[in-house]
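Here's the structure, in structure tokens; my notes come after.
Number of protein chains: 2
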Amino acid sequence: MAKVNRQIRLAARPLGFPKESDFEMVELPVPEPGEGEVLTRTLFLSIDPYMRGRMNDTKSYSTPVPIGGVMVGRTIGEVVASRDSGFAAGDIVVSFGNWQEYALIRGKTLRKLDPVLAPVSTALGVLGMPGHTAYVGLLDIGQPQPGETVVVSAASGAVGSLVGQIAKIKGCRVVGIAGGDAKCRYVVDELGFDACVDHREADFGAALARACPRGVDVNFENVGGAVLQAVWPLLNDFARVVVCGLIAHYNDNTPSRSPDLRSVLIKRLTVRGFIITDHNARLDDFLRDVSAWLREGRIKYREDIVDGLEHAPEAFIGLLHGRNFGKLIVRVAP
Amino acid sequence: MAKVNRQIRLAARPLGFPKESDFEMVELPVPEPGEGEVLTRTLFLSIDPYMRGRMNDTKSYSTPVPIGGVMVGRTIGEVVASRDSGFAAGDIVVSFGNWQEYALIRGKTLRKLDPVLAPVSTALGVLGMPGHTAYVGLLDIGQPQPGETVVVSAASGAVGSLVGQIAKIKGCRVVGIAGGDAKCRYVVDELGFDACVDHREADFGAALARACPRGVDVNFENVGGAVLQAVWPLLNDFARVVVCGLIAHYNDNTPSRSPDLRSVLIKRLTVRGFIITDHNARLDDFLRDVSAWLREGRIKYREDIVDGLEHAPEAFIGLLHGRNFGKLIVRVAP
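As structure tokens, this is what we get:
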């Protein structure tokens, strides 16, 4: 093959918010698969907040991307050549293909998709890692009961939008927090949340309190910072704080202190962090339930698709500023 | 009855550490029991950290003591007169008799003690609320597994000493934190902890790290503040932080911020507060297990007994400074 594989690598470790110069694009020959390997052409690349953590050289739950290494990411790919008998050219697969146009992947790490069941891009969103995150985080960590109030930040995002819709299915009052009027209207009018509060408004804290007249029983935290500070005083006794993401802090250079610990004691709160890769045992349950809810029209989703691998850095930086609207995906191959 | 009932009341709400002038002693006639009531003479009064919270006029999990109100507290009493057919003069009972020499109590709130089974003062300590707190907090909230490392602060105290001994019974490595060499030696030599670190030493953080070579899986937190800050970086993935008490903060006038929230996410921590009165369903299990361990000599306890109700304020203030050594009890009647 004489084709070129464009690849985006980490050029420098960002201090604070990443800049486009922290990434570099290189061109390489497209490789040939070895025994047990599959060559895929990337169709879609998922862009997610966790990627900011991989750019740091600090101990975390997974290995940092080395300087000069290709940026990591889940992809939907089409098999171009296969030396694994389980896959053939034309198969559509989901894998960690990373920020590049072609990826060599061991067959046993691939999952085949049936394009007839759902649009294949959903395997990066509502039927992928963000959906799995929402399902496990809400149901297993948050344990919402019918009639309880659930607050979810980044409510129009890939995770938050599903958290709120599942909480509605489970009989909760659901209040979203989002940035800007358009996202708030979408969350209420399209997704069916009971209310949504704009964290950019001057009276955000008071508006959130008005939207939660019976307090907050489950806080699904995707943001942290000022958003969490506003939720904190509204927490009821025995409330659960699901720490799923802290995007407000990913670009901090200082520790992110959490709110008053005495409240944890007095209100008997549970504050619990989770990482979805620890919860693969719930993957089948998630796929079964959310697929059914999608078919029944009880779950909606929204994708924010950016064309061209070269725009991935800009799209990722925008995500960290809340500029996307829905699950952010880069369409790598037209 | 012409006898006098001496009673200690809250005279003023403390700012920061309480002073003796925040309390006042008054003398009243000993009252007569009405229908369904029992008059008890107080033998022992339990002095506990939670009492500091009751002196504040802020929303908490229970009602503040009003200015001029008698200070609350659990007591062991002897029935002097009874108009409840379930109790007779001479019975020994545990109840909320408060900081006074005689108490009128509704019979249905009393629990009778058998002085033959165990010294009656143990119903305020190892077989009372502190013991129940240790049992539920460690086993139900902390969920220690054999081989895990458990750290407990205020390790020589009523709760901490039992937490560590139960954790040893459950097969854990147990590291105590206590103030001063005498307490640390007691915790290791008498109670059988694997190690104990003095939080007053200059190299406390480093010493704690050396005592926990495999990190910390359960942190049973009785103190907060600098003690918790030292434990925090040692927490392993999936560690549980049991927030039982925050005595370092009870005299703060500002919120007590907890350590880095990002660690909660990255390490998948569970930080959970609890109040023992929510866990009465486990009272029988606690009494059964801890009574058996006491009989078998697997559990030891230590009481710090102060004579005379008039010394209760001083003893309580000393407790908040860590001056007691073992379960602090005031012997009210000789």
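Chains as they are written, first to last, in our numbering: chain A, 1 to 334; chain B, 1001 to 1334. Don't be surprised by glycine CBs; every beta carbon is placed ideally from N, CA and C.
N-terminal and C-terminal residue of the beta strand (DSSP E) that residue i is part of
i, result
"leucine 1104 of chain B", "1102 to 1106"
"cysteine 184 of chain A", "Where cysteine 184 of chain A is concerned, there is no enclosing beta strand (DSSP E), although the alpha helix (DSSP H) it sits in stretches over 181 to 185."
"aspartate 57 of chain A", "That residue, aspartate 57 of chain A, is in no beta strand (DSSP E); it is neither H nor E in DSSP."
"alanine 81 of chain A", "75 to 82"
"glycine 1131 of chain B", "Element bounds for glycine 1131 of chain B: not the beta strand (DSSP E) but the alpha helix (DSSP H), 1129 to 1136."
"glycine 1273 of chain B", "1270 to 1273"
"leucine 39 of chain A", "37 to 46"
"glutamine 1145 of chain B", "Premise fails: glutamine 1145 of chain B is in no beta strand (DSSP E) and is neither H nor E."
"alanine 1024 of chain B", "Checking the sequence shown, residue 1024 of chain B turns out to be glutamate, not alanine. Segment 1023 to 1029, the beta strand (DSSP E) holding glutamate 1024 of chain B."
"leucine 377 of chain A", "Because chain A spans 1 through 334 in this model, residue 377 of chain A falls outside it and cannot be assessed."
"valine 1151 of chain B", "1149 to 1153"
"alanine 239 of chain A", "235 to 243"
"glycine 1176 of chain B", "1173 to 1178"
"glutamate 1221 of chain B", "1216 to 1221"
"serine 121 of chain A", "Per DSSP, serine 121 of chain A belongs to no beta strand (DSSP E) and is neither H nor E."
"aspartate 1304 of chain B", "1303 to 1307"
"alanine 195 of chain A", "195 to 198"
"valine 966 of chain B", "This structure gives no information on residue 966 of chain B, because the portion of chain B shown stretches from 1001 to 1334."
"valine 116 of chain A", "It is not in any beta strand (DSSP E) - valine 116 of chain A carries neither H nor E in the DSSP assignment."
"isoleucine 1092 of chain B", "1092 to 1095"
First through last residue of the alpha helix (DSSP H) which encompasses residue i
i, result
"glycine 1164 of chain B", "1158 to 1169"
"serine 291 of chain A", "283 to 295"
"alanine 226 of chain A", "225 to 231"
"valine 264 of chain A", "261 to 266"
"glutamate 314 of chain A", "312 to 320"
"leucine 208 of chain A", "204 to 211"
Beta-carbon spacing of residue i, residue j below 7 Å
i, j, result
"isoleucine 92 of chain A", "proline 119 of chain A", "no"
"leucine 45 of chain A", "glycine 73 of chain A", "yes"
"valine 1242 of chain B", "histidine 1199 of chain B", "no"
"isoleucine 1329 of chain B", "leucine 1010 of chain B", "no"
"cysteine 1244 of chain B", "threonine 1149 of chain B", "no"
"leucine 191 of chain A", "isoleucine 166 of chain A", "no"
"proline 1313 of chain B", "glutamate 1101 of chain B", "no"
"valine 1163 of chain B", "valine 1152 of chain B", "yes"
"alanine 158 of chain A", "lysine 327 of chain A", "yes"
"alanine 88 of chain A", "glycine 97 of chain A", "no"
"valine 223 of chain A", "alanine 248 of chain A", "yes"
"alanine 1195 of chain B", "aspartate 1217 of chain B", "no"
"arginine 1041 of chain B", "glycine 1086 of chain B", "no"
"glutamine 7 of chain A", "valine 94 of chain A", "no"
"valine 1126 of chain B", "tyrosine 1250 of chain B", "no"
"arginine 1052 of chain B", "valine 1065 of chain B", "no"
"isoleucine 1266 of chain B", "tyrosine 61 of chain A", "yes"
"lysine 183 of chain A", "serine 161 of chain A", "no"
"proline 29 of chain A", "alanine 81 of chain A", "no"
Distance cut-off 6 Å: residue i Cβ against heavy atoms of the ligand HEM
i, result
"arginine 331 of chain A", "This structure lacks the ligand HEM; in fact it carries no ligand of any kind."
Per-residue contacts from residue i into chain A (C-beta, under 7 Å)
i, result
"tyrosine 1135 of chain B", "Those within 7 Å of tyrosine 1135 of chain B in chain A number zero; the least Cβ separation is about 17 Å."
"histidine 1249 of chain B", "Arg262"
"aspartate 1278 of chain B", "Arg268"
9 Å Cβ cut-off: residues of chain B touching residue i
i, result
"leucine 269 of chain A", "Val1243, Val1271, Arg1272, Gly1273"
Beta-carbon neighbours of residue i, restricted to chain A and to distances below 8 Å
i, result
"isoleucine 1008 of chain B", "In chain order: nothing, as chain A lies at least about 25 Å away."
Proximal residues of chain B, C-beta to C-beta of residue i below 7 Å
i, result
"glycine 224 of chain A", "Leu1261"
"leucine 246 of chain A", "Leu1261, Arg1262, Leu1265"
Below-7 Å beta-carbon distance, residue i vs any chain C residue
i, result
"threonine 109 of chain A", "Protein chains A and B are contained in the structure displayed, whereas chain C is not."
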